[in-house]
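Asks: With the first letter of the sequence shown counted as 1, position 74 gets the number 58 in the working numbering; the numbers rise by one all the way through. For glycine and all other residues, C-beta sits at the position ideal for the given N, C-alpha and C. For clarity, every value in this text was computed on a predicted model and none was experimentally measured.
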Amino acid sequence: AEFELRRTKGIEPGPKGERQITNVVMMGMGEPLLNFEPTVTALKLMLDDNAYGLSRRRVTLSTSGVVPMMDKLSQEVPVALAVSLHASNDVLRDSLIPLNKKYPLRELMAACKRYLAFAPRDFITFEYCMLDGVNDSDEHARELLALVNDPVVGVSCKFNLIPFNPFPESGLLRSKNPRIKSFAQVLMDGGLVTTVRKTRGDDIDAACGQLAGEVQDRTKVVQRMEKMAEYQQKFGANFGKIVEIRN
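This is the structure:
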């Protein structure tokens, strides 16, 4: 996992001039819950009064949704939780995050709901990468509202919308700013706290999710998205959307 250390506005440097660590986010190149024991060791170090002494509210772990390990984390060291959602239905999320085929959205939502019983905050943060023409329509936003407000698996949450930072061979583009604004407005009109992450470092290929230089598409995301477009052309634009079937 990668530590993102941030200094809270207004906190002065320590007596030796060093910056004081006030927040930790475990996020980055890899799934922390698939490296569970070292991750828990690091979390406990951050919380230990004899080390960094941070409160659980100030330590956040980000996961793609490894459901059994989310349950295990809630029992061992339940810090604040962020979930990389990125899609509003299972068909789309299967194509973006293959893990969803093992732990689909309703199962993931139920795990988030269980986690909140032990979490230091009363909400889950859902991270949502805005991909032009892929997951950024108002209809997708309405599907998200239906998902998180579901009477069975709905969960208290807020959304952090992340403009996609393009990289070579991704085959994906960042949503336009007006589209992101419209998407966010649908969520906010539905009563959800919604923020848009400010992008930094994209001018030197150093922003969130970027690697400088050529990269190989080992996850075959381009191939999956091309297949999705092929199916939508064949079966219609509604392919992949949640529909209600009435008897």
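I want to check one thing, is the minimum distance from the CB of GLU153 to the heavy atoms of the ligand PLP below 6 Å?
Replies: Absence of the ligand PLP is noted for the structure shown, with no ligands found whatsoever.
Asks: Using only CA atoms, which one of GLN59, LEU156, GLU214, PHE102 lies nearest to CYS113?
Replies: Checking every option, the nearest Cα to that of CYS113 belongs to LEU156.
Asks: Would you call the CB atoms of LEU31 and LEU38 closer than 7 Å?
Replies: Yes, they are a contact pair.
Asks: Keeping to the same chain, check which residues put their C-beta closer than 7 Å to that of LYS218; ignore five residues upstream and five downstream.
Replies: Here the set comprises nothing.
Asks: So, using beta-carbon positions, are VAL8 and GLU60 closer together than 7 Å?
Replies: No; because the gap between Cβ atoms is not below 7 Å, this pair is not in contact.
Asks: Can you tell me the Cβ-Cβ gap for ALA71 and ALA103, rounded? I've got them flagged as a contact below 8 Å.
Replies: The Cβ separation is near 23 Å, so there is no contact.
Asks: Strictly under 7 Å for the Cβ-Cβ distance: is VAL132 near chain D by that measure?
Replies: The structure shown contains no chain D, having only a single protein chain.
Asks: With DSSP as the reference, label LYS165 as helix, strand or coil.
Replies: Here LYS165 sits in helix by DSSP.
Asks: Does ARG158 pass the burial test, meaning 16 or more other C-beta atoms within 10 Å, or should it be called exposed?
Replies: ARG158 comes out buried.
Asks: Measuring straight from C-alpha to C-alpha, what distance separates GLY234 and GLN4?
Replies: With the chain covering only -15 through 231, there is no way to say anything about residue 234.
Asks: With distance defined between alpha-carbon atoms, name the residue in PHE167, PHE107, ARG208, VAL180 nearest to ILE146.
Replies: Closest option to ILE146, Cα to Cα, is VAL180.
Asks: Evaluate the contact criterion for the stretch 165 to 174 versus the stretch 206 to 216: three or more CB pairs, one atom per stretch, below 8 Å.
Replies: Output reads no: the stretch 206 to 216 does not touch the stretch 165 to 174.
Asks: Would you kindly report the start and end of the unbroken beta strand (DSSP E) that includes THR47?
Replies: Here the beta strand (DSSP E) through THR47 covers 43 to 47.
Asks: Beta-carbon within less than 6 Å of PHE110's beta-carbon, same chain only, minus the 5 sequence neighbours each way: which residues are those?
Replies: Same-chain partners within the cutoff: VAL67, LEU69, CYS141, PHE143.
Asks: Considering only C-alpha positions, which residue in the set PRO22, LEU17, ALA35, PRO16 is nearest to THR6?
Replies: Selected option, being the one with the closest Cα: ALA35.
Asks: Check for me: the alpha helix (DSSP H) holding PHE20 runs from which residue to which?
Replies: Counting along the chain, the alpha helix (DSSP H) containing PHE20 begins and ends at 20 to 31.
Asks: To the nearest angstrom, how far is it from the Cα of PHE107 to the Cα of THR44?
Replies: Going by the C-alpha atoms only, they are around 12 Å apart.
Asks: Excluding the 5 residues preceding and the 5 following GLY220 in the sequence, name in chain order all residues of the same chain whose CB lies nearer than 7 Å to its CB.
Replies: Cβ within range, chain order: n/a, list empty.
Asks: Taking only the alpha-carbon atoms, compute the straight-line gap between VAL51 and SER166 and give it to the nearest angstrom.
Replies: Cα to Cα, the separation comes out at about 31 Å.
Asks: Give the C-beta separation of ARG208 and SER121 to the nearest angstrom, bearing in mind that I take them to be a contact with Cβ-Cβ under 8 Å.
Replies: Contact flag wrong, Cβ pair sits at about 19 Å.
Asks: Using three-state DSSP, classify MET54 as helix, strand or coil.
Replies: Reduced to three states, the DSSP call for MET54 is helix.
Asks: Please state the DSSP three-state secondary structure of ALA103.
Replies: Looking at ALA103 - three-state DSSP - the assignment turns out to be coil, as it is neither helix nor strand.
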